[in-house]
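Participant: So the sequence shown is numbered by full-length UniProt numbering: it starts at 1 and just counts up by one.
Would you mind keeping the following structure in view while I ask a few things?
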Amino acid sequence: MKHVKEKYLKKADFFWAISSGIKDELLSLGVSPDKIYVIYNPVNVDNVILVKRSGKQNHFIYIGRIDYDGQKNVSELIKALNGVVICMEALIQKSKIDC
Numbered sequence: 001m002k003h004v005k006e007k008y009l010k011k012a013d014f015f016w017a018i019s020s021g022i023k024d025e026l027l028s029l030g031v032s033p034d035k036i037y038v039i040y041n042p043v044n045v046d047n048v049i050l051v052k053r054s055g056k057q058n059h060f061i062y063i064g065r066i067d068y069d070g071q072k073n074v075s076e077l078i079k080a081l082n083g084v085v086i087c088m089e090a091l092i093q094k095s096k097i098d099c
């Protein structure tokens, strides 16, 4: 499997790394530092303005890999939303779940 990864890593024109840790991982796999661009968090949370809208339903959107207790720790997100009345819509492999 390692040889398959190396083959495809060499074919890529560039890589976007979302942290210096990911950059280090790519470097350890033999990727040239000239091909790696660290982008960090693409959203500047200091510029986010929360607006309360009366009569409108609020939505929470999660975009990412569903890794319940692992690296993404979605379990903490669920705990944080505990007690909040929400309606979930999920798109999972072209299936739609509505409440």
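Where is the CB? At the ideal position from N, CA and C, for every residue including glycine.
Being a predicted model, the structure only gives us computed values, none of them experimental.
1. How about K10 and A17: are their beta carbons less than 7 Å apart?
2. Quick one, are the C-beta atoms of I36 and L29 less than 7 Å apart?
3. Taking the alpha carbon of S41 as the point to measure from, which residue in E6, K7, I78, S20 has its own alpha carbon closest?
4. Could you give the residue range of the beta strand (DSSP E) that holds I36?
5. Give me the residue from A12, I49, D69 with the minimum Cα distance to D34.
6. Closest to L81 by CA distance: which of F60, K52, N44, I49 is it?
7. List the endpoints of the continuous beta strand (DSSP E) containing A17.
Facilitator: Put simply:
1. Reading the sequence shown from its first residue, position 10 is the one you call residue 10. Reading the sequence shown from its first residue, position 17 is the one you call residue 17. The Cβ atoms of K10 and A17 do not sit closer than 7 Å to each other.
2. Here residue 36 refers to the residue found at position 36 of the sequence shown. Here residue 29 refers to the residue found at position 29 of the sequence shown. Contact flag unset, no.
3. Taking the first residue of the sequence shown as position 1, residue 41 is located at position 41. Before going further, note that residue 41 is Asn rather than Ser in the sequence given. For the residues E6, K7, I78, S20, the minimum Cα distance to N41 belongs to S20.
4. Locating residue 36 in the sequence shown gives position 36, counting from the first residue. For I36, the enclosing beta strand (DSSP E) covers residues 36 to 38.
5. Taking the first residue of the sequence shown as position 1, residue 34 is located at position 34. Closest by alpha carbon: A12.
6. On the sequence shown, residue 81 is found 81 positions in, with the first residue counted as 1. It is F60.
7. As a position in the sequence shown, residue 17 is number 17, starting the count at 1. Segment 15 to 17, the beta strand (DSSP E) holding A17.
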